[in-house]
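From first to last, the protein sequence lines are chains F and A. When you line the first sequence up against our numbering, it's residues 1 to 334, in that order. When you line the second sequence up against our numbering, it's residues 1001 to 1496, in that order.
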Amino acid sequence: MSKKFDMSKYEDHGILGPFVRYLKANLGILAAFIVLCLLITVMAPNFMTVNNWLTILRTVSTTGCLAIGVMLAIMLGGIDLTGGAMIACVGCLTVTAMERWGMPMVPAIAIGLLVGIVAGFIDGWIIAYSGIHPFVVTLAMQSILRGAAYLIAGGQPISLYANTTYPIIGTGLAGIVPYPIIYMLIFFFLQYLLLNKTKAGRYIYAVGGNATAAQFSGVDIKKVKIMAWTISGFLGAFAGIILSARMASGQPGTSIGAETDAIASCVLGGTSMYGGVGNTGGVLIGVMIIGVITNGLTLLHVDSNWQYVAKGLIILLAVYIDMIRQNKQQSRSE
Amino acid sequence: MPKTLVEMTNISKSFPGVKALDNAQLTLYEGEVLGLLGENGAGKSTLMNVLGGIYKPDTGSIKIDGQEVTIGSVVEAQKLGVAFIHQEIALVPYLSVAENIFLGRELKSAGMVDKRRMYREAKQWLDMVGLDVNPATMVCRLSIGRQQMVEIAKACSLNMKLMIMDEPTSSLSENEVESLFHMMNSLKERGIGIIYISHKLSEIFTITDRVCVMRDGSYVGTIITKESEESDLVSMMVGRTLDNYYARTFNKPGEVVLEAKNINSGKRVVDCSFSVRRGEILGFYGLVGAGRSELLKAVMNLYPRDGGTVTIKGQDVSKLPTRKIQEMGIALVPENRKLEGLILKNTISFNISISVLKKFIGKLRVNYKKEKEIVDNGIQSLAVKTPSRTQAVRNLSGGNQQKVVLAKWLASEPEILVLDEPTRGVDVGAKAEIYKIMNELAARGMAIIMISSEMPEIVNMCDRMLIMSGGRIRGELDKSEFEQTKILHYAIAEEI
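So this is what it looks like as structure tokens:
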């Protein structure tokens, strides 16, 4: 907290309130994002164009959906590693249902989403009732889903010819804005509402901050956990629908490691791996940073293998800077 | 005239919104135990953190052995001979005693850790503090008291000149306290100066030579222990005389609101039955481990229960989940505020409102005005000292944290309030305030159950008392029958 300008007094007032709170929580990462954008703009002239930004947003839409769910798991002091495998499994299932089983589009999508919800529910249920660490539970589920993806698709990608409406879900445009961007923003908005405007949202902060104290306050910890992982499962499945629609095919080997990008986005966005701390706006920026890095490096013709290395380094640096900033803030307020 | 070991003068330190230290001072002589006394938030811990190298003061000077020093870090403090024994044990639980003592400066021969030499030398330091354990024992196998002794042995091995002890007895048994004091006396004889922070006045009078009193971040005065009385210290601490410390006006209790019958929970709680009336304060006395907390938690289904019935206002609630029982008008303020009561990294506002969200969060709509009202009401009625309601709870002093816990539960407007050790780790001033609040609540018709291990407060505050030992209720005494020997007789009753 700065002594000269204490923003906290504006926090409660009027329509500016959420905006000020947002700025205060994300100042560091927002600055990093802007600097990053400026740097790339200078080096790659074709970066700062409307078309390129729409491309960035479209590519991050799947990571974005995953990150929204993963963040809830992280906020509870846990993790969700199922993301990439969920995308593959649900994509393969939905496409197979239409292509091979002759299902119409709506029930096929419903089955896909249902698998995500059920898998997420099972994760949450095991985590809540058995006490096994979420890392282990979701790692196991990741393996199961990846296996299921190959089994359903018969070991190789299947293309979709039977249905021509389905691909529009992933490629359609509203004006110039691709649909997936709209889905992602809607989900971010819903998560904002969940965390800020509902009891369940506060319970997530409470359980992540101190589960015992939350329990003593009458919070049903198990229910909160099951809810978080179920939502995460649903969003993973939705990401699977988006991606398979965009590619008009089910790819059992797709999105390996997509969950790590999602986790990185959350951490970049100020979500504490210890739980109890995080905000929606921060994660959105985290997602954008990941997208901008990938896009910028491509524009700069950096070899894609080197892109992984660069991405890792940038994430480390950004989180380190943010940590220093937070430590400073903390030592000043104690 | 003994030699001056430490001289701290004009120490000031500010944090945003709080002036934690305001021209504080402290003098410590060689070979003495100096008590450091003050209410929670008086600045004792901050002053000691300055001496221990954890905080840098804004102004002021520190002299050790007559030399002006600046202490920039914990390591520098250690080099100057300052040892800090914190309330929480700072040892690695899964390493041996010797490995802990030499952690970071392992004894080596030919580039390899020389365990045998470490054990041998560790043994010498352990002997010095009079601790008889095998240096190869894993630390987690030792009792808390013994772990503390290991920490002191470690400090001795670091060539300490002075030792700061922050409430070292808070989790020790009586025997352990005795051997701690014995060891402190032998350190004194070696010329080591000890600064001893404690809220327990009886300990201050047993062990200290002089007492330095602080209030609101400033130095109040230093007295010689032998020449003063308890009331002197208390009035120095609070800045006023505390008359009517236990404020209690007794009224005729109303009808029964809570009745528990035949509550069982394994061996921890055996066949307990009790009831409480409106406007009554019911005390639960017993030694640590008597099963009092477990019984009350079991009543609220926060602890596994095998059988028994619980009725609130005539309605059977035995099978309801905790949240539903709470909605019937009962609130439990848990014993350990940091573990069970508060979400430390969150704000005062968040903590106070978490159990009453229903009152201001509707369908996707938060009534911030109502939230503010509830929170401010809590802060005001309990006089929580804080610059703002968005302050993180971990930045508050112990007494203020306890008030936040109370405010949180009072926000749900309970008719039955269970207080588990409500004044533990709280200073005299805050204690008096908590008693006053309890009295007001009881006068308004609330039924209060107080679990306490402090005889004076339970004797003075309660209408009726139940005494437990070994998981059973051993006796029930009415106000007129309160007598220390009787109470203790029940409290140490063995299995029949």
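Ideal Cβ placement from N, Cα and C applies to all residues, glycine included.
- Of Ala32/F, Thr49/F and Val20/F, the smallest CA-CA separation from valine 319/F is found for Ala32/F.
- Along the stretch 170–201 of chain F, the positions whose C-beta sits under 8 Å from a C-beta of chain A are Leu193, Asn196, Lys197, Thr198 and Lys199, read in chain order.
- Chain F has a Cβ within less than 8 Å of the Cβ of valine 1366/A.
- Counting the other Cβ atoms within 10 Å of the Cβ of arginine 1472/A gives 16 or more, which makes it buried.
- Annotation: the continuous beta strand (DSSP E) that includes glutamate 1259/A extends over 1256–1265.
- Unbroken alpha helix (DSSP H) stretches of 4 residues or longer found wholly inside the stretch 1406–1475 of chain A: 1428–1443 and 1455–1461, given in chain order.
- For the stretch 76–106 of chain F, the full-length alpha helix (DSSP H) segments reaching 4 residues or more read 83–99 along the chain.
- The shortest CA-to-CA distance from asparagine 1023/A to any of Leu1406/A, Gln1147/A and Gly1221/A is the one to Gly1221/A.
- Counted as a single uninterrupted DSSP element, the alpha helix (DSSP H) harbouring methionine 288/F occupies residues 280–299.
- Per DSSP, the continuous beta strand (DSSP E) segment holding isoleucine 1224/A begins and ends at 1218–1224.
- In the DSSP annotation of this structure, the continuous segment of the alpha helix (DSSP H) that includes arginine 1116/A starts and ends at 1115–1128.
- Bridge pairing for valine 1269/A: Ser1265/A [DSSP].
- In the DSSP assignment, asparagine 1010/A falls within the beta strand (DSSP E) that extends over 1004–1015.
- Pairing aspartate 1166/A with isoleucine 1263/A gives a Cβ-Cβ distance that is not under 8 Å.
- For cysteine 266/F, the enclosing alpha helix (DSSP H) begins and ends at 258–268.
- For proline 1334/A, the C-beta contacts it makes with chain F under 7 Å involve Phe216, in order along the chain.
- For asparagine 46/F, the closest Cβ of chain A is not nearer than 8 Å.
- Against chain F, the CB of arginine 1323/A has a partner CB under 8 Å away; the residue lies at that interface.
- Ranking Val1428/A, Leu1419/A, Lys1267/A and Glu1373/A by CA distance to the CA of glycine 1398/A puts Val1428/A first.
- Between methionine 184/F and cysteine 65/F, the C-beta spacing is below 8 Å.
- Look at the stretch 149–195 of chain F and you find no whole run of beta strand (DSSP E) that is 3 residues long or longer.
- Take threonine 59/F, set aside five residues on each side of it, and the residues of its chain with a beta-carbon closer than 8 Å to its own are Gly291, Thr294 and Asn295, in chain order.
- Note on threonine 49/F: under 16 other CB atoms within 10 angstroms of its CB, so exposed under the neighbour-count rule.
- For valine 1050/A, the closest of Glu1030/A, Ile1064/A and Ile1071/A by C-alpha to C-alpha distance is Ile1071/A.
- Chain A places no beta carbon closer than 8 Å to that of glycine 282/F, leaving this residue out of the contacts.
- In this structure methionine 1214/A is buried. Its beta-carbon is surrounded by 16 or more other beta-carbon atoms within 10 angstroms.
- Between isoleucine 176/F and the set Leu57/F, Leu114/F and Ala73/F, the nearest pair of CA atoms involves Leu57/F.
- Residue environment analysis places glycine 1239/A among the exposed positions, since fewer than 16 neighbouring C-beta atoms fall within 10 angstroms of its C-beta.
- The shortest C-alpha to C-alpha distance from arginine 1424/A to any of Ile1451/A, Ile1416/A and Met1184/A is the one to Ile1451/A.
- Taking 8 Å as the threshold, the shortest C-beta distance from serine 1318/A to chain F does not fall below it.
- Between the stretch 1150–1170 of chain A and the stretch 1197–1210 of chain A, the count of Cβ pairs shorter than 8 Å is three or higher; the stretches touch.
- Going by C-alpha positions, methionine 1300/A is about 30 Å away from leucine 1364/A.
- Nearest to lysine 24/F by alpha-carbon distance, out of Ile314/F, Ala310/F, Thr298/F and Gly282/F, is Gly282/F.
- Secondary structure of serine 1397/A (DSSP, three-state): coil.
- Using a C-beta cut-off of 8 Å, the stretch 1455–1468 of chain A makes contact with the stretch 1283–1299 of chain A, since at least three inter-stretch Cβ pairs fall below that distance.
- Scanning its chain for C-beta atoms nearer than 8 Å, with the 5 sequence neighbours on each side dropped, one finds around valine 1426/A the residues Asn1040, His1199, Gly1398, Gly1399, Gln1402 and Ile1434, in chain order.
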